[in-house]
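Just below is one structure, and these are the notes that go with it.
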Amino acid sequence: MARKNKNINPMLADKIKEATLQYHQQTEKVLVGKLKSMRSKRDYIDLLTLFYGYFGGLEKHIERYINASNLADYENRRKTSAIADDILTLGGAIPALTAEDQLPEIDNYLKAFGALYVIEGSTLGGQIISKMVQQHLHIADGKGLSFFNSYGGQTEQMWSSFKETLNGIAMTPQDEEMIIEAANQTFINFKGWLDK
Ligand code: HEM
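In this text, residue positions in the sequence shown follow this note's numbering: the first is 16, and each later residue adds one.
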């Protein structure tokens, strides 16, 4: 449960963006490489499988600490079940989740918010990914694209409201540090997972 918001630092969203920038760039580079070499629906299912394993594993941990009590619209936010639906729609099978030792440590709500920052932020890149997949595979009707379509026309708005909540979560500089460190670790482990 989040403690009461004294709003000691409304700029956490800016700090976390700056701190994670290099890891975002590295992750983006790996993904753009994968997207450009995508030739078949099977390749796309493989990409969804990677996201499902890692984001699905993270989601289980995050849900121990984040719910409607500390993020009002958590239930309406994108879930990894959307990836499972996309894989099934495309004729694939539901994959296994990442092994625990490949995930960042999430043992309190601060770290959970750091990890969720990465997942929610990926809705922004998701829209670009969705366009790239459509171009490469000529997928019609958005079939199998529900996860990367993110919140559609609501994506920017959902991102702004997430950042607003995030800005009220940290009560001390140590809290902020913990959130930022968890976000960095979430990116680093994801890149490790993609590189495997
Ligand atoms: C092809 C892959 C990707 C591209 C092209 C991409 C691109 C982008 C773009 C254009 C933004 C918005 C930047 C802004 O408005 O300032 C963004 C933000 C973000 N992306 Fe990605 N992204 C990709 C993949 C990912 C993935 C896989 C993750 C997570 C694992 C991720 C996490 C984030 C986060 C956390 C932000 C928010 C940064 C902030 O605090 O404003 N991105 N991305």
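All C-beta atoms, glycine included, are put in the ideal place defined by N, C-alpha and C.
First through last residue of the alpha helix (DSSP H) which encompasses residue i
i           : result
residue 128 : 124-152
residue 104 : 96-104
residue 182 : 170-182
residue 188 : 188-210
residue 114 : Careful: residue 114 lies outside any alpha helix (DSSP H) and carries neither H nor E.
residue 212 : Outside the displayed range of the chain (16 to 211) lies residue 212, so it cannot be described from this structure.
Contact test: residue i Cβ vs the ligand HEM heavy atom, cutoff 6 Å
i           : result
residue 171 : no
residue 77  : no
residue 139 : yes
residue 32  : yes
residue 46  : yes
residue 205 : yes
residue 42  : yes
Expected contact under 8 Å - CB spacing of residue i and residue j to nearest Å
i           : j          : result
residue 131 : residue 72 : 13 Å between Cβ atoms; not a contact.
The stretch 98-105 contacting the stretch 139-149, beta-carbon criterion three pairs below 8 Å: no
Three or more C-beta pairs under 8 Å: does that hold for the stretch 188-199 against the stretch 122-142? yes
Can you confirm whether the stretch 199-207 touches the stretch 41-60 when touching is taken to mean that 3 or more C-beta pairs between the two stretches lie within less than 8 Å? yes
Does the structure place the stretch 185-192 close enough to the stretch 164-174 that three or more beta carbon pairs sit under 8 Å? no
At a cut of 8 Å, does the stretch 152-161 reach the stretch 53-65 through at least three beta carbon pairs? yes
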